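Going by this note's numbering, the sequence shown opens with residue 729, and the numbers climb by one from there.
Glycine is no exception: its CB is placed at the ideal position from the N, C-alpha and C atoms.
All values reported here derive from a predicted model rather than from experimental measurement.
Shown next, in structure tokens, is the structure this report addresses.
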Amino acid sequence: MSKIGRNDPCPCGSGKKYKRCCLYKSVKPVDFTPENRQFALGLMARFVEERLPLEIAKSHADFYHKWRDRLEELDYNMVEISNDVWEMWSFLDYRLSDGESAIERFLKHHAADLDPAVRWYLTLLRDTAMHLYEVADLSPGVSVTLRDVLDNRRITVREKQGSRSLWKHALVAARVIARGPSGHPEMESGLLNIPDFAREQMISQLSAHYETYCSEHRGPKRTDFFKEMALFFHDAWISGILEPHMPAMQNTDGEEIVPTVSRFDILESKGLEAAFDAEKKLERTEQDQLEWLWTERDKRGKSVIMGNLVINGKRLELVCNSARRDRRGRKLVERIADGKVRHLSTTHENMEMAIRERMRSNLSNEDSATAHELPRELNEALVLEHQGKYYRQWLDEKIPALNHRTPREAAVNVALFPKLLDLIGGLESFYQRCLKDGEPAYDPSWMYGELGIEDPFDVSYPPPLAHERMASMTPGLGDLCKTVAKHLRRQPDFDDASTLLTTDAIGANMEIQRFLRSEQSKNALKGEDSLSRHIVYMTNFELHLRKTFWVDKSLVFMLAKTDLEVPGGDLRMPFGCFALAFTDRHTLSLGERFLSTTSRCPISGHYLKTVTVYVTEKNSGQPRELCLTFAFDALCADPPHLFRRHIELHETAPIKLLPDETPQQYEIEGIDIQEMNPLRGLLHVAVSAILYATSAGAAPQTRRRPFDARSGALSPVPEPVVFSGEEVFFLPGAIEISRLSHFQELDRIPSGRTILHRFMVRGHWRRAASNWKDQRMRWIAPFWKGPDIATIIERAYKLKP
């Protein structure tokens, strides 16, 4: 068989020349390092500068075209990203005069001279192209799961920095190499974050371009199409920053909104106020304020605010939202004032420019900290209440994006269902961005259950708990805690109910101190104090034989509706140390909101996968002290974030969750501000779960890590979902599931909370009678005492039979 020439047809039958198809595909895979990657890109840069200066200059002109003179408007980071995209495009996608790319020409002449690792990297890089992806999932500091918007293919890439800055459902244009230095798929430099307002248009245009490309090319390859799309993605990204799309802004008269202020000198103040008060078109805002609203009737006879007048010392200002209204207002003022004022100036604000500047600052990640005039707890309560009402009503509103169907209708419509998932994904994306910005964040995840959609957050068994994660992340830590616990159990003064390793004891334990000074501990966490805190709860958990209660999500909902008016003396510990595992969205979202206001927390702003609470008690005096160590975990590269809270347990006084808890300072009808405090909510469900686990009637179910029934082996679970290896006591929901769903549904409809307040008796705790054999507390679950709840819900939704 004769040797295949570079310009011969490729024997694979693709119709391309051998040099542009399979010539380099036979290169044997070789591991390469980040240093090999940097060296290879440096070689490519020198090659195009020395051999292709004119063509690379033309590629720069073609890439930036109308943006060339506006790059100075971008901040430094944006310029760097843009330059990275152009550089990769000019190396890999831009076609030279003979139809080759720069990397193809470089490999053709220099492949034989390259180090195998460098050659293999460039071979893989040659076949990459920018694609448009949606962020399907994140593991902060580890990886990002991307979904191709055209064919729904998923790929998980190793990415440390991007996985921390991105959020779920974000739209990004990225170039993914099949195998990076990590040995897994990785994103190359030049990640473009597409703004949300361009999302629908971007996906629609990309789909149209692909259909056109397929109709014009026989047997097209996807990579060939996407090789042409980098310019399209970059233009959409940069225009979103420099020229964001602006919707038409008009007032009720159909006039362009142009904020306008006319200023007048007051020549004679006597009688001016009385003249304004006498005018039927003007109404003073408050009796003691020098401000009047100007209202008139529109074409439909409705009263419309046209502007307002304000007297400030010797000046009068007229403020309107259009130039035409300003002209009418000036005539009105001059008629009423009758020579008492003189026009000085009129200024117009370019509304479009102001909004564009605001949008650009947001897209450029510039600081946009805003000072809230309201206290944070009050602002958060108001915002979450408003969003909750809006989301509840949204489910029954006709949405244009759903062909004017409601989300409930779309949930059972095969054609509209994917669009509905996109809309819910957008709400989740908004929630996560609010968390990242430390703003009030409303979790919309309940919508899946409300609409009868499979809940992506539901789990069949807890993921690895905090002590398991720390043992796997820090070599030797798990064995150390087991050894220390074993020694403590052998001590003559060991008490199975009360002996604990304390923080003070760590300093005197030589074995722990040697470990804290070892290399593996220094590489695990920065600072000995951080690792010491993990050693305390891990050792105590091991010391008391690893007892874990996994709390059912329905039980958590009911416990959250249970009053905690219980004397501290009635709270008893089932074990000297045990863990509570929470995987329900109610508790996880409380943790996410709490962490969003916590400084220097690396997992702040990300979805949590589990909250584990390690419980101990200090009873060596009065009052007793309950210690709750919360471990918040996103199952990512960062260790679980710890938060510890001590609660005093007075024998006769009610349990006080927060030491600074005071009577409510702000009163808003229908809103319990303290109940919306995320820290208080976390403490409430944790303490309630302890009371329930030790109450009469509680029947924990022993559960083990799931097994495959066919082979008896552990079930194969795809990453990143992994089961805990612990055997747990499962605390199931103690109420009929249909009744629970009715409670939850009523809690989310307009005016539903008022109805719940009237007809639902909140859960509470009851002491046993003195003559009862079982003296444990009784939990009285929330129950309905009013009319048929299903009928009320049906009436609220205005459903037809």
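The beta-carbon separation of Ala-1421 and Arg-1321, rounded to 25 Å, does not stay under the 8 Å limit for a contact.
In chain order, Val-813, Trp-817, Asp-821, Met-858 place their CB closer than 7 Å to the CB of Ala-958, counting only its own chain and leaving out the 5 sequence neighbours on each side.
Nearest C-alpha to Arg-1056 among Ser-967, His-1076, Gly-1035: Gly-1035. With fewer than three CB-CB distances shorter than 8 Å, the region 1127 to 1145 does not count as touching the region 1285 to 1292. Per the C-alpha coordinates, the member of Gln-1350, Val-1264, Pro-1351, Ser-1226 positioned closest to Met-1301 is Ser-1226. Excluding its 5 nearest sequence neighbours in each direction, Phe-1358 has C-beta neighbours in its own chain below 6 Å: Val-1341, Phe-1371, listed in chain order. The Cβ-Cβ distance between Ala-1414 and Leu-1336 does not fall below 8 Å. Contact check for Gly-869 and Arg-892: beta-carbon distance about 6 Å, within the 8 Å limit, so the pair qualifies. In the structure shown, Phe-1358 adopts extended strand secondary structure according to DSSP, grouped into three states. Exposure of Lys-998 is indicated by the presence of fewer than 16 other C-beta atoms within 10 angstroms of its C-beta. Spatial neighbours of Val-1294 in its own chain (CB-CB distance under 6 Å, excluding positions within 5 residues in sequence) are listed in chain order as Ile-1383, Trp-1493. Looking at the DSSP output, Trp-1493 bridges to Trp-1507. Two segments are said to touch when three or more pairs of C-beta atoms, one from each, lie closer than 8 Å; by this definition the region 842 to 850 does not touch the region 979 to 989.
Close CB contacts of Asn-1347 within its chain, under the 7 Å cut and outside five residues either way in sequence, are with Ser-1226 (chain order). For Arg-1052, same chain residues with a beta-carbon under 6 Å away, outside a window of 5 residues either side, are Glu-983 in chain order. The alpha-carbon separation between Gly-1206 and Met-1266 amounts to approximately 8 Å. In the DSSP annotation of this structure, the continuous segment of the beta strand (DSSP E) that includes Tyr-1342 starts and ends at 1338 to 1346.
Going by beta carbons, Met-772 and Ala-830 fall inside the 8 Å limit.
About 5 Å separates the beta carbon of Val-846 from that of Asn-764, a gap short enough to meet the 8 Å contact definition. By the CB criterion at 8 Å, Leu-1419 and Cys-1305 fall outside the cutoff. In this structure, Val-877 and Leu-860 form a Cβ contact; the two beta carbons are roughly 5 Å apart against a cut-off of 8 Å. Going by DSSP, Cys-1162 is part of no beta strand (DSSP E) but of the alpha helix (DSSP H) stretching over 1145 to 1164. By alpha-carbon distance to Phe-1277, the top candidate from Gln-889, Gln-978, Thr-1074, Thr-1430 is Thr-1430. DSSP, reduced to helix, strand and coil, places Val-846 within a helical segment of the structure shown.
The beta carbon of Thr-951 sits closer than 6 Å to the beta carbons of Ala-857 from its chain, once the five residues preceding and following it are set aside; these are given in chain order.
Rounded to the nearest angstrom, the gap between the Cα atoms of Phe-775 and Glu-801 is 31 Å.
According to the DSSP assignment, Val-1111 belongs to the alpha helix (DSSP H) that extends over 1104 to 1122. Exposed is the label assigned to Asn-805, since fewer than 16 other Cβ atoms lie within 10 Å of its Cβ. Residue pairing by DSSP places Val-1032 opposite Glu-1024 in a beta bridge.
Within its own chain, the residues whose Cβ lies closer than 8 Å to the Cβ of Leu-1155, once the five positions on either side in sequence are excluded, are Tyr-1119, Pro-1172, Met-1175, listed in chain order.
When DSSP states are grouped into helix, strand and coil, Arg-765 belongs to the helix group.
When DSSP states are grouped into helix, strand and coil, Arg-991 belongs to the strand group. Within the same chain, Pro-909 come within 7 Å of Pro-762 by CB-CB distance, once the 5 residues on both sides are set aside.
Distance from the Cα of Pro-1351 is smallest, within the candidate group Asn-1141, Ser-967, Gly-1297, for Gly-1297. Taking C-beta separations shorter than 7 Å and ignoring five residues to either side along the sequence, the partners of Ala-864 in its chain run Thr-873, Leu-874, Arg-875, Arg-882, following chain order. Taking C-alpha positions only, Asp-1223 is separated from Met-1238 by approximately 22 Å.
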